[in-house]
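K.L.:
There are 2 protein chains.
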Amino acid sequence: MTELQSDARIRVAEIFGPTIQGEGVLIGLPTVFVRTGGCDYRCSWCDSMHAVDPEFRAEWTPMTTASIWSEVQRLSRRIPLMVSLSGGNPAIQPLAPLIARGKTEGYRFALETQGSIARDWFADLDNLILSPKPPSSGMETDWAGLDACLSAAGDGPQIALKIVIFDEADYRYARHVGGRYPHLPLYLQPGNHTPPPPEASDAPIDIDGVMNRMRWLIERAVHDQWFTPHILPQLHVLIWGNQRGV
Amino acid sequence: MTELQSDARIRVAEIFGPTIQGEGVLIGLPTVFVRTGGCDYRCSWCDSMHAVDPEFRAEWTPMTTASIWSEVQRLSRRIPLMVSLSGGNPAIQPLAPLIARGKTEGYRFALETQGSIARDWFADLDNLILSPKPPSSGMETDWAGLDACLSAAGDGPQIALKIVIFDEADYRYARHVGGRYPHLPLYLQPGNHTPPPPEASDAPIDIDGVMNRMRWLIERAVHDQWFTPHILPQLHVLIWGNQRGV
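Going line by line, the protein sequences match chains A and B. Letter by letter, the first sequence follows residues 1 to 246 in full-length UniProt numbering. Letter by letter, the second sequence follows residues 1 to 246 in full-length UniProt numbering.
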């Protein structure tokens with residue numbers, strides 16, 4: 001048994017791509033997505049519940065680093081690209097060996113997490129996207145946890161913040177986050193109030209509703225002369241709706 | 001007469017914002033747009049013909065640096081933000097004093113040009129977006145001109161390339177540009193084949209057609225394992241259609 005095969009297993013909900021990153025600081029960049037299963041949060045509007053709710057645990061495949069890496073290489077045909085580690089909360093998985101393996105072959109790694117769990121291997125990432133959850137999620141932000149993620153990452157990755165916004169309370173939360181971390185790039189993202197149910201990957205989506213929220217968010221920030229955050233929709237949802245795997 | 005009032009006049013087609021930048025490397029960022037009038041190109045699918053065709057020259061207001069700056073400050077309520085200098089080709093205008101003036105007050109400046117005319121004041125920009133035109137435009141690329149723009153900019157601004165793509169020939173052109181400037185970030189943008197006629201700012205747009213071209217472009221790049229360019233639509237067109245001033 002090789003060293004890699006003896007790795008702790010990573011629970012994987014899906015691996016797909018290459019397709020473009022639809023959100024945030026890396027928007028538009030061709031990416032392979034490794035979505036891990038399991039999350040310490042239960043956001044009311046989660047759009048990846050198939051990777052969160054233990055009811056779907058049977059669909060999460062325990063994979064070794066070597067088998068995940070093999071699949072990433074197959075999908076990218078061994079041409080280095082950006083790999084996005086998402087979830088669920090990927091911080092609960094033992095991903096350090098995967099990152100180390102991929103980096104030796106020129107791949108880059110981004111990880112997206114709510115920032116509740118810090119790992120020392122965050123420092124090995126190329127991009128760390130911290131997405132603390134606003135009031136509409138029903139979750140409480142663990143500010144000490146978020147600070148710990150920043151400390152763990154250090155000067156290693158480029159760090160960006162992303163806040164999903166559904167309403168005025170979420171907007172005020174985002175302003176608070178912006179004020180707390182003025183030196184980090186901040187991305188605001190209108191929420192999708194018609195997320196796919198976990199058992200159906202192509203449920204209809206209210207694009208008009210999302211775009212209305214996008215326009216409202218732009219007007220809201222401009223009204224406050226808040227000119228520092230980037231305001232971006234989920235591009236993949238505009239392109240493909242709620243379809244999974246694109 | 002003050003020094004600023006004695007400046008050479010800048011022909012301005014429109015000043016509007018703040019609204020988000022809809023394209024390229026600064027996508028999503030609140031921005032005030034200064035669109036100048038006049039262009040050395042006549043792209044077949046130009047989406048800003050009201051700022052290009054001399055037939056509309058009477059609508060271009062000759063403005064001093066001071067009067068443009070006053071309008072930018074009014075729109076942004078004196079809170080520094082990104083100012084986008086576009087056109088037409090803004091490189092034909094005497095914009096150096098405007099950039100110098102704004103920078104002293106903390107504003108940032110991006111300029112978007114096809115790269116046919118180099119100016120030494122490109123070095124004073126925060127962002128230079130070079131958008132050489134593909135075959136479908138009907139224009140010929142002046143590679144020496146493009147190289148001269150890069151030389152003029154030097155290490156001053158962040159530089160990015162943006163290519164509008166309508167068809168396979170445009171795609172091949174973009175690949176050539178990517179190969180010619182491998183160290184510059186490259187943005188691919190599906191073309192809008194229903195641009196607004198210059199006299200009507202809210203003409204209908206074929207969003208489905210644009211999104212079909214977006215999907216094709218993503219598939220095309222992924223098929224070639226071309227993973228370096230960002231692929232982004234014109235977000236403002238998705239949000240507001242062909243409406244002007246948003």
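Note that the Cβ used here is the ideal one computed from N, Cα and C, for glycine as well.
Quick one, are the C-beta atoms of Leu161 of chain B and Leu188 of chain B less than 7 Å apart?
P.N.:
The residue given as residue 161 of chain B occupies position 161 in the second sequence. The residue given as residue 188 of chain B occupies position 188 in the second sequence. Contact: no.
K.L.:
Might you give, ordered along the chain, the residues of its own chain that have their beta carbon closer than 6 Å to the beta carbon of Glu14 of chain B, omitting 5 neighbours on each side?
P.N.:
As a first step, residue 14 of chain B must be located in the second sequence, where it is residue number 14. Closer than 6 Å at Cβ, skipping near neighbours: Arg35.
K.L.:
Interface residues of chain B around Val72 of chain A at Cβ under 8 Å?
P.N.:
Here residue 72 of chain A refers to the residue found at position 72 when the first sequence is read from its first residue. Correct list: empty, because the minimum Cβ distance to chain B is about 12 Å.
K.L.:
Just the chain B side, please: which residues come within less than 7 Å of Met214 of chain A by C-beta, in chain order?
P.N.:
Within the first sequence, residue 214 of chain A is the residue found at index 214, counting from 1. Correct list: Ile239.
K.L.:
Are the beta-carbon atoms belonging to Pro94 of chain A and Asp126 of chain A less than 7 Å from one another?
P.N.:
Translated into the one-based positions of the first sequence, residue 94 of chain A becomes position 94. Translated into the one-based positions of the first sequence, residue 126 of chain A becomes position 126. In this structure, Asp126 of chain A does not lie closer than 7 Å to Pro94 of chain A by Cβ.
K.L.:
Rounded to a whole number of angstroms, what is the C-alpha to C-alpha distance between Met211 of chain B and Ile239 of chain B?
P.N.:
Residue mapping note: residue 211 of chain B aligns to position 211 of the second sequence, counting from 1. Residue mapping note: residue 239 of chain B aligns to position 239 of the second sequence, counting from 1. Approximately 13 Å between the Cα atoms of the pair.
K.L.:
Tell me Phe16 of chain A's beta-bridge partners as DSSP assigns them.
P.N.:
In the first sequence, the residue the question calls residue 16 of chain A occupies position 16. DSSP lists A:Phe33 as partners of Phe16 of chain A.
K.L.:
Relative to the C-alpha of Arg175 of chain A, which residue among A:Gly37, A:Pro204, A:Thr31 and A:Pro132 is closest?
P.N.:
Locating residue 175 of chain A in the first sequence gives position 175, where the first residue counts as 1. Of A:Gly37, A:Pro204, A:Thr31 and A:Pro132, the residue nearest in Cα terms is A:Pro132.
K.L.:
Counting only C-beta atoms, is Ile231 of chain B closer than 7 Å to chain A at any point?
P.N.:
Taking the second sequence and counting its residues from 1, the one referred to as residue 231 of chain B is at position 231. Output row for Ile231 of chain B: interface = yes.
K.L.:
Under 9 Å Cβ-Cβ, which residues of chain B neighbour Ala110 of chain A?
P.N.:
Numbered from 1 along the first sequence, position 110 holds the residue referred to as residue 110 of chain A. Within 9 Å Cβ-Cβ: nothing; Ala110 of chain A doesn't reach chain B, min ~13 Å.
K.L.:
From Val246 of chain A to Arg9 of chain B, what distance separates their C-alpha atoms?
P.N.:
For the purposes of this step, residue 246 of chain A is taken as the residue at position 246 of the first sequence. For the purposes of this step, residue 9 of chain B is taken as the residue at position 9 of the second sequence. For Val246 of chain A and Arg9 of chain B, the distance between alpha carbons rounds to 50 Å.
K.L.:
So the beta strand (DSSP E) Lys103 of chain B belongs to, where does it begin and stop?
P.N.:
Taking the first residue of the second sequence as 1, we reach residue 103 of chain B at position 103. Per DSSP, Lys103 of chain B belongs to no beta strand (DSSP E); it is in the alpha helix (DSSP H), Ala96 to Thr104.
K.L.:
Under 7 Å between C-beta atoms, does Pro30 of chain A make it to chain B?
P.N.:
Sequence index remark: in the first sequence, residue 30 of chain A carries index 30 (1-based). Closer than 7 Å to some Cβ of chain B, the Cβ of Pro30 of chain A qualifies, so yes.
K.L.:
Answer with yes or no whether the minimum CB distance from Arg101 of chain A to chain B is below 7 Å.
P.N.:
If you number the first sequence from 1, residue 101 of chain A lands on position 101. Arg101 of chain A does not count as touching chain B.
K.L.:
Of all the CB atoms in chain B, is at least one closer than 7 Å to the CB of Ile10 of chain A?
P.N.:
Locating residue 10 of chain A in the first sequence gives position 10, counting from the first residue. It does not: the Cβ of Ile10 of chain A has no partner Cβ on chain B nearer than 7 Å.
K.L.:
Is there at least one Cβ from chain A nearer than 7 Å to Leu81 of chain B's Cβ?
P.N.:
In the second sequence, residue 81 of chain B corresponds to position 81, counting from 1. So yes, Leu81 of chain B belongs to the interface.
K.L.:
Indicate whether Thr136 of chain A and Asp167 of chain A have their beta-carbon atoms separated by less than 7 Å.
P.N.:
Along the first sequence, one-based indexing puts residue 136 of chain A at 136. Along the first sequence, one-based indexing puts residue 167 of chain A at 167. At residue 136 of chain A the sequence reads Ser, which differs from the Thr that was named. The answer is yes: Cβ separation under 7 Å.
K.L.:
In or out: Thr2 of chain A buried (at least 16 other Cβ within 10 Å) or exposed?
P.N.:
For the purposes of this step, residue 2 of chain A is taken as the residue at position 2 of the first sequence. Per-residue confidence for Thr2 of chain A stands at a pLDDT of 43, beneath the threshold of 50, marking its modelled position as unreliable; no derived number is given.
K.L.:
In whole angstroms, give me the CA-to-CA distance for Ser70 of chain B and Ala221 of chain A.
P.N.:
Counting from 1 along the second sequence, the entry for residue 70 of chain B is found at position 70. Counting from 1 along the first sequence, the entry for residue 221 of chain A is found at position 221. Roughly 22 Å separates the two Cα atoms.
K.L.:
Which two residues bound the contiguous alpha helix (DSSP H) that contains Gln73 of chain B?
P.N.:
Residue mapping note: residue 73 of chain B aligns to position 73 of the second sequence, counting from 1. First-last of the alpha helix (DSSP H) with Gln73 of chain B: Thr65 to Ser76.
K.L.:
Which residue or residues does DSSP assign as beta-bridge partners of Ala160 of chain B?
P.N.:
Here residue 160 of chain B refers to the residue found at position 160 when the second sequence is read from its first residue. Ala160 of chain B pairs with B:Ile129.
K.L.:
Rounded to the nearest angstrom, what separates Glu199 of chain A and Val52 of chain B at their Cα positions?
P.N.:
Position 199 of the first sequence, counted from the first residue, corresponds to residue 199 of chain A. Position 52 of the second sequence, counted from the first residue, corresponds to residue 52 of chain B. So the alpha carbons of these two residues sit roughly 52 Å apart.
K.L.:
Counting Cβ pairs closer than 8 Å, one from the segment 12-26 of chain A and one from the segment 111-131 of chain A, do we hit at least three?
P.N.:
Short answer: they touch.
K.L.:
To be precise: take each residue of the segment 146-163 of chain A, compare its Cβ to all Cβ atoms of chain B, and keep it if any distance is under 9 Å. Which residues remain?
P.N.:
Flagged: no residues at all.
K.L.:
So what's His230 of chain A in DSSP terms, helix, strand or just coil?
P.N.:
Here residue 230 of chain A refers to the residue found at position 230 when the first sequence is read from its first residue. Three-state DSSP puts His230 of chain A in a strand.
K.L.:
Of all Cβ atoms in chain B, is any one closer than 7 Å to the Cβ of Ile20 of chain A?
P.N.:
On the first sequence, residue 20 of chain A is found 20 positions in, with the first residue counted as 1. Chain B, which has a Cβ nearer than 7 Å to the Cβ of Ile20 of chain A, makes this yes.
K.L.:
Report, in whole angstroms, the separation of the C-beta atoms of Gly37 of chain A and Trp60 of chain A, which I expect to be a contact under 8 Å.
P.N.:
Residue numbering aside, residue 37 of chain A sits at position 37 when the first sequence is read from its first letter. Residue numbering aside, residue 60 of chain A sits at position 60 when the first sequence is read from its first letter. Contact flag correct, Cβ pair sits at about 3 Å.
K.L.:
Taking the alpha-carbon of Gln73 of chain B as reference, which of B:Ala144, B:Thr31 and B:Ser44 has the nearest alpha-carbon?
P.N.:
As a working mapping, residue 73 of chain B is identified with position 73 in the second sequence. That would be B:Thr31, whose Cα lies nearest to the Cα of Gln73 of chain B.
K.L.:
Taking the alpha carbon of Ala123 of chain A as the reference point, which residue from A:Ile99, A:Ser116, A:Gly191 and A:Val177 has its own alpha carbon closest?
P.N.:
Counted from its first residue, the first sequence places residue 123 of chain A at position 123. Answer by Cα proximity: A:Ile99.
K.L.:
Quick check on this structure: which residue in A:Gly17, A:Trp45, A:Ser151 and A:Tyr173 has the alpha carbon closest to the alpha carbon of Ile33 of chain A?
P.N.:
To locate residue 33 of chain A, count along the first sequence from 1; it is residue 33. In the sequence as presented, Ile is not what sits at residue 33 of chain A; that position holds Phe. When only C-alpha atoms are compared, the closest one is A:Gly17.
K.L.:
Spatial neighbours of Ala153 of chain B within its chain, please: C-beta separation below 8 Å, excluding the five flanking residues on both sides.
P.N.:
Mapped onto the second sequence, residue 153 of chain B falls at position 153. Cβ neighbours of Ala153 of chain B beyond the five flanking positions: Phe122, Ala123, Leu125, Leu128 and Ile159.
K.L.:
Taking a contact to mean a Cβ-Cβ separation below 7 Å, would you say Ala144 of chain B touches Ala118 of chain B in this structure?
P.N.:
Here residue 144 of chain B refers to the residue found at position 144 of the second sequence. Here residue 118 of chain B refers to the residue found at position 118 of the second sequence. Cβ distance not < 7 Å, so Ala144 of chain B and Ala118 of chain B don't count as in contact.
K.L.:
Figure out for me which residue from A:Trp45, A:Pro229 and A:Lys103 has the closest Cα to the Cα of Leu217 of chain A.
P.N.:
In the first sequence, residue 217 of chain A corresponds to position 217, counting from 1. Leu217 of chain A has its Cα closest to that of A:Pro229, out of A:Trp45, A:Pro229 and A:Lys103.
K.L.:
I'd like the ranges of any alpha helix (DSSP H) spanning at least 4 consecutive residues and lying wholly in the segment 171-230 of chain B.
P.N.:
207-223, all fully within the segment 171-230 of chain B.
K.L.:
Under three-state DSSP, which class holds Ile92 of chain A?
P.N.:
Residue numbering aside, residue 92 of chain A sits at position 92 when the first sequence is read from its first letter. Correct three-state label for Ile92 of chain A: helix.
K.L.:
Would you identify the three-state DSSP class for Ser86 of chain B, choosing helix, strand or coil?
P.N.:
Walking along the second sequence from the start, residue 86 of chain B turns up at place 86. Three-state DSSP puts Ser86 of chain B in a strand.
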